[in-house]
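J.: There's a structure below that I have some questions on.
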Amino acid sequence: MKQDKLEKFILDNRKDFDVFEPGDEIWDRIKKPSPKVIRLNWKTIALRVAAVVVIFIASYFFHDIMQKDNNNTIAINEQEYTDESNEQVQVLMEAEVFYTSQINFAKDEIFRLSGNDHNLIEEINFDMVELDDVFEELKNDLKDNSDNEEVIEAMIQNYRIKLQVLEEILLQLNKSKNQEKNENNHEI
0 MKQDKLEKFI LDNRKDFDVF EPGDEIWDRI KKPSPKVIRL NWKTIALRVA AVVVIFIASY
60 FFHDIMQKDN NNTIAINEQE YTDESNEQVQ VLMEAEVFYT SQINFAKDEI FRLSGNDHNL
120 IEEINFDMVE LDDVFEELKN DLKDNSDNEE VIEAMIQNYR IKLQVLEEIL LQLNKSKNQE
180 KNENNHEI
């Protein structure tokens, strides 16, 4: 094996390097490490606990306000249609309640699984806004002609499409999460 210049220099001048020897007290400190002292600062812990409690309460109230807002929207829509005792309108209201809850659940699942993927969230919101615009047009058509079964069926179909899009995204997210888990298990 070929020696490089630094290694050759060290081997040739080894005695010159061994001039300084560490004292016994240094070796004693190296052999016996000092015990680590963990100090708990109660103020810091209390502040962190208080922050967690405030965040939890704020998120609860935010969620509660959002749910009340959704329920109020559904109630207002129901009041608009209860004056008309049309059987098809009743079917639409039931479908609206059902699909709204399913869509909200799917959105929550997607946001939970996607984490911080802002591109995906923006894409979903963009798609939902487009479908909401179509739904509003259908709602205006329904106000003009409430007996039109085709408009009611189109509105229900709009809900189905929203839910189908969200379920497809959810399926893709679950597949990618499972693939990541399988890859991580293979690496271990």
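Here the sequence shown is numbered in numbering that gives the first Met the number 0, starting from 0 and rising by one per residue. Don't be surprised by glycine CBs; every beta carbon is placed ideally from N, CA and C.
1. Using a Cβ-Cβ cutoff of less than 7 Å, which residues in the same chain neighbour E179 once the five nearest sequence positions on both sides are dropped?
2. Are there three or more Cβ pairs, one per stretch, closer than 8 Å when the stretch 47-67 is compared with the stretch 108-127?
3. Could you check the C-alpha separation between V128 and L169 for me, to the nearest Å?
4. If the criterion is Cβ atoms closer than 9 Å, does the pair L112 and K176 meet it?
5. Mind listing, in chain order, the continuous beta strand (DSSP E) runs of no fewer than 3 residues lying wholly within the stretch 102-147?
6. Taking Y98 as the reference, which of P21, E20, D27 and Q163 has the closest Cα?
7. Which runs of the alpha helix (DSSP H) spanning at least 4 residues fall entirely within the stretch 29-58, listed in chain order?
8. With respect to the alpha helix (DSSP H) encompassing E20, which residues constitute its N-terminal and C-terminal limits?
9. Can I102 and L165 be called in contact, C-beta distance under 9 Å?
10. For N12, name the three-state secondary structure that DSSP assigns.
11. Please classify E86: is it buried, with 16 or more other beta-carbons within 10 angstroms of its beta-carbon, or exposed?
12. Around the Cβ of E24, are there at least 16 other Cβ atoms within 10 angstroms (buried) or fewer (exposed)?
13. Go ahead and pull the three-state DSSP assignment for D27.
14. With DSSP as the reference, label Q2 as helix, strand or coil.
T.: In short:
1. none
2. no
3. 18 Å
4. yes
5. none
6. Q163
7. none
8. Careful: E20 lies outside any alpha helix (DSSP H) and carries neither H nor E.
9. yes
10. coil
11. exposed
12. exposed
13. helix
14. coil
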